[in-house]
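What follows is a single structure, written as C-alpha cells, with notes after it.
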Amino acid sequence: MKKSKNILILFLIMTVLISLYLFLKNRPESDGDSHIASDTIFILDLESDKINKIVLKSKNHTLNFVKKDEQWSANLPFPIKEGEVKNLSYIFFKFRADQLIDEAPVDLEQYGLKDPAVTIEVSTEDQVFHTMYLGQRAPTGTSYYFKLKDNPAVYTIPDYNAEKFLLTPADFRDNSLAQIEIQDINYFKLSRAGKPDLEIRINDDQSEFAQYGFGIWQMTKPYQEPISVATDKFQPILQSITSITNAERFVDDNPVDLSRYGLAKPQADLLIKTKKSQFRLLIGNLVNGEDAYYCKKSDSKEVFTLSGNSLSFLNTKPFELIEKFVNIVNIDNVDKVAISGLDSNHVLEIVRKEATSKDEATEIEADYLLDGKKIKEDQFKKIYQSLISLLVEAECPAQPKNTLPELKMTFQLNKGPHKEININYVPYDYDFYAVFRGGKAEFLISKDQVKAMIKELESLIKNAK
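Quick note: the sequence shown, position 202, residue 924 per my numbering, numbers continuous.
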C-alpha cells in the first residue's frame, strides 16, 4: 500500500514537470514591451537620436530646431538650452495618446484643430517626415486634443507633453550669464552709489592660519590698510554668486533708454574675477511690484532681472565682513613688543639664534624676555596672546581732535611689508578709544575692554616674574 502511494506521488510530480516544460517551450516570445497594456495607443514611434529637425508653428512664432553634429541650434538671436530641445525630441519615442476620441471627425473646430494652436513638424536623418497638430485643452483639464496630418483620427495627449509644444522662445533661452566656479574666485569688488567701494581679494601671502579659514581673504578697500576677512561671513556672499550667473528673465534685448531701468547710472557695480575670466554686473532699479532688480552685463546690451534675494549682499557693510582683531600677528614674525600707558610699561622680546642639531640640521633656538629677563616660553606666549586678543567694536565716525594716546603698543617684526606697527589708543568719548594705526583712526574699541586686557596682562606678568 505504501509503495503504491509513493509511485502515485512520483507520477504526479513527473506530470507537473512535463506540463511546465511544454508550456515554457511553446509560450510566445516576449517582444520587450510585454509590460505595455494591449489597449495602449501609440500615435508615433521615432528614435529620438535620429530626429534632426523639429518645427513648432503657432500664431505668435515659428521655432525651427536643427541638429547637426549632435548639436541643436535654432532660428533665435540668443543661445538656447539644448536640454529643452532634447526633452522635446524624447516625446516622439513611443508617443502615446490618452484616448482615441474620434476616428473620423466631421468637425475639427470643436477640438481646436481646424485652426490648431501649434503645428508640429518632425523629420529624421533617414528622411521620415511627420506633421501633427495640437488643438485646445480637453474639458477634463489634464489633456489636449491632437492629430496627425495623414490620419483623420483625433486623440487626446497628456498636458505634460502638450505643454512642451506650447513653449515660447523665452522658454528655450539659455539664461546663463557666466560660468564661474566659487573655488576659482580670487577677486570681489562692489561699488555702490554714495558708499565707499568694497574690495576683497585672495591673500597671496597666507600663513598657517589659513587652514582654519583665517587670512584667506583680505579686504583692501575701503580701509587704509588690508584687513583679514572673516571667511564665515564672506562665504555666503560667494555662494550667492552662483545664483546671479543665471538671469531670472530677459526683459529687453535692445534697450533704447537704459535710464528707464536705472542702468544709465547704476546703483551698484559688481566685479568678480578668476584667473581665467571676469564677470561685471551692473545693477539698476527695483522692478515695480517685484522683489527683483533690472541688471545688465557691462559687455552686453541685454537687460534682465535678478531676484532681490540673490542680490541681498548689496547692503553689506565692510565692517560686517572683517576679522575684528586690532592687530593679530603670528608670534614667529615678532621680534619685540613695547607697551606703555594706563600704568603698564613693559617690553616683550624674542631673541632667536641658529643652532646645529646632532644630525647637522639647522634649527632656531629662542630666548623669551620680559623687561630684559628670561621667562618660560609658555608664560611669554600667554602674555603675548592677551595683547593680541583685543577686538574693535565699531567704525570710527570721525577723527578725534585730540590725538594724544593713553596707551601705545609697538610691534617690531621680522617679516612682512611693515617692520614696525604702531597702535595708539586715543580717547574718543567717555566710553571708547579711537584705535590709531598708520596715523589714522578707523575703528573704536571700548575702554572697558582695553582696561580688562591691561588687568589680565599685569596679572600674567606678575606670575611670570
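From the three backbone atoms N, C-alpha and C, an ideal C-beta is built for every residue, glycine too.
No experiment lies behind these values; they were computed from the predicted model shown.
{"Query": "Euclidean distance between Cα positions of Lys1177 and Gln1107", "Result": "14 Å"}
{"Query": "DSSP state of Ile907 mapped onto helix, strand, coil", "Result": "strand"}
{"Query": "Continuous alpha helix (DSSP H) stretch holding Val1157: start and end", "Result": "Unbroken run through Val1157 is the beta strand (DSSP E), 1154 to 1159; no alpha helix (DSSP H)."}
{"Query": "Per DSSP, cross-strand counterpart(s) of Ala1088", "Result": "Arg1074"}
{"Query": "Run of the beta strand (DSSP E) containing Ile994, from where it starts to where it stops", "Result": "990 to 996"}
{"Query": "C-alpha gap between Leu1003 and Lys1023, whole angstroms", "Result": "12 Å"}
{"Query": "Top-ranked residue by Cα proximity to Gln1029, from Gly1006, Phe1035, Ala1014, Phe1041", "Result": "The sequence as given places Ser at residue 1029; Gln does not occur at that position. Selected option, being the one with the closest Cα: Ala1014."}
{"Query": "Cβ-based neighbour list, Asp1170, same chain, cut-off 6 Å, excluding 5 preceding and 5 following", "Result": "none"}
{"Query": "Residues bridged to Val697 (per DSSP)", "Result": "Here the chain has residues from 723 to 1187 only, and residue 697 is not among them."}
{"Query": "Among Thr967, His852, Thr1027, Glu921, nearest to Tyr983 - alpha-carbon criterion", "Result": "Thr1027"}
{"Query": "Whole runs of the alpha helix (DSSP H) within the stretch 935 to 1009, excluding any shorter than 4 residues", "Result": "953 to 963"}
{"Query": "Gln1101 in three-state terms, based on DSSP", "Result": "helix"}
{"Query": "Cβ pair Asp896, Pro988 closer than 7 Å", "Result": "no"}
{"Query": "Three-state secondary structure (DSSP) of Ala839", "Result": "coil"}
{"Query": "Residues near Pro977 in its chain [Cβ-Cβ closer than 6 Å; skip 5 each side]", "Result": "Val1025"}
{"Query": "CB contact flag (Ile907, Thr996, <7 Å)", "Result": "yes"}
{"Query": "Same chain, Cβ closer than 8 Å to Glu947, five either side skipped, listed in chain order", "Result": "Arg1159, Gly1160"}
{"Query": "Cross-strand partners of Asn883 (DSSP beta bridge)", "Result": "Asn883 pairs with nothing; no bridge assigned."}
{"Query": "Supposed contact pair Leu810 and Ile776 - C-beta distance, whole angstroms, cut 8 Å", "Result": "6 Å"}
{"Query": "Cα-Cα separation, Cys1118 to Glu1042", "Result": "14 Å"}
{"Query": "Tyr1106 in three-state terms, based on DSSP", "Result": "helix"}
{"Query": "Residue environment, Phe851, which counts as buried when at least 16 other CB atoms sit within 10 Å", "Result": "exposed"}
{"Query": "Three-state class that DSSP yields for Val807 in the structure shown", "Result": "helix"}
{"Query": "Sheet register partners of Leu1113 (DSSP bridge)", "Result": "Phe1047"}
{"Query": "Glu1045 to Ile1097 span [Cα, whole Å]", "Result": "31 Å"}
{"Query": "Closest Cα partner of Glu825 within the set Lys789, Asp872, Lys790", "Result": "Asp872"}
{"Query": "Of the residues Tyr1150, Lys1173, Val1172, the one placed nearest Lys1162, counting alpha carbons only", "Result": "Tyr1150"}
{"Query": "Nearest candidate by alpha-carbon position, reference Glu1087, set Gly1094, Asp1093, Glu1099, Lys1095", "Result": "Glu1099"}
{"Query": "Neighbour-count burial assignment, Glu847, 16 or more Cβ in a 10 Å radius", "Result": "exposed"}
{"Query": "Straight-line Cα distance separating Asp767 from Lys790", "Result": "22 Å"}
{"Query": "Three-state secondary structure (DSSP) of Tyr1016", "Result": "strand"}
{"Query": "Rounded C-alpha distance that separates Ala1116 from Val951", "Result": "15 Å"}
{"Query": "C-beta atoms of Phe815 and Leu856 nearer than 7 Å", "Result": "no"}
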